[in-house]
Every structure is written in C-alpha cells, then in structure tokens.
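Following this note's numbering, the numbering of the sequence shown begins with 110 at its first residue and continues without gaps.
Report on one structure; see the data block that follows.
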Amino acid sequence: WMLVGSVCSLKGMLAWADIVVVTGDSVSMVCEATATGRPVYLIGDGHASGKLVAFHSSMIQAGSVRRLRAPSDLLDEGWQLNATNDVQHVAEKVTAEIQKQRMEHFGS
C-alpha cells in the first residue's frame with residue numbers, strides 16, 4: 110500500500126480504521142483485527158471448513174466479529190465489539206503458573 114509516496118503498514122492502517130472488514134481465510138487476520146477495539150466484519154468465509162468454521166462461529170458468538178452480509182451492515186453504529194485481549198489473559202496464566210512453581214520448589 111502506498112500513501113503519498115510512503116509505505117503504509119498493516120498496523121498503521123488498522124490503527125486509523127474506524128471499522129475493519131476481513132476475509133475469513135486467516136485466523137491471524139481476524140485476531141489482529143479484533144485487537145484494534147474497532148468493529149470487525151467477516152466476509153468471504155464460504156470456503157472455510159473444519160476448525161476455521163468453528164473459530165468463526167466462536168468469534169461471532171463471543172461478539173468479537175459480525176458477518177458482513179450487505180454494505181448497510183456497516184451503518185449499525187450501535188454495535189461495539191467484545192474486544193479480545195489475549196495478551197492480558199496469557200500474562201495472567203503465566204504469572205499464576207510461575208507463582209505455583211515457586212511455591213512447589215521453594216515453599217514460599
């Protein structure tokens with residue numbers, strides 16, 4: 110992507126986005142989009158199968174993404190996604206495990 114002669118990064122585009130529309134062929138793409146805190150719409154997952162379909166369903170059920178069925182879906186200003194924060198979740202799990210290991214090995 111080029112913007113006035115300079116290279117635009119994906120992170121930069123996501124940072125400036127009001128709404129993010131992603132294809133359903135990449136778990137990473139969907140996760141990065143939901144991490145922005147912006148409404149995320151999923152398109153074109155008709156060829157998905159197995160684990161990818163289960164992933165899409167879980168993200169939709171959690172309120173993290175919505176399917177984009179028509180352009181008018183983008184006009185729903187009342188929808189706020191349930192943003193994911195996996196880094197915080199993982200950090201809490203790692204901290205708890207470290208504390209558990211310390212207690213087992215050192216007793217305090």
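Virtual Cβ for every residue (Gly too), placed ideally from N, Cα, C.
Coil, strand or helix - residue i by DSSP
{"i": "T143", "result": "helix"}
{"i": "I128", "result": "coil"}
{"i": "V149", "result": "strand"}
Residue j beta carbon less than 8 angstroms from that of residue i
{"i": "R176", "j": "L151", "result": "yes"}
{"i": "A138", "j": "V131", "result": "The sequence given here has Met at residue 138, not Ala. It is a contact, given that the beta carbons lie within the stated cut-off."}
{"i": "S133", "j": "A171", "result": "It is worth fixing the name first, because residue 133 is Gly in this sequence and not Ser. Contact flag unset, no."}
Cut-off 8 angstroms between Cβ atoms - residues of its own chain near residue i, not counting five sequence neighbours on either side
{"i": "V196", "result": "none"}
Assumed close pair residue i, residue j - CB separation to whole angstroms, cut-off 8 angstroms
{"i": "T145", "j": "L123", "result": "5 angstroms"}
Touching by the beta-carbon criterion (3+ pairs, under 8 angstroms), the region 157-165 and the region 180-187: no
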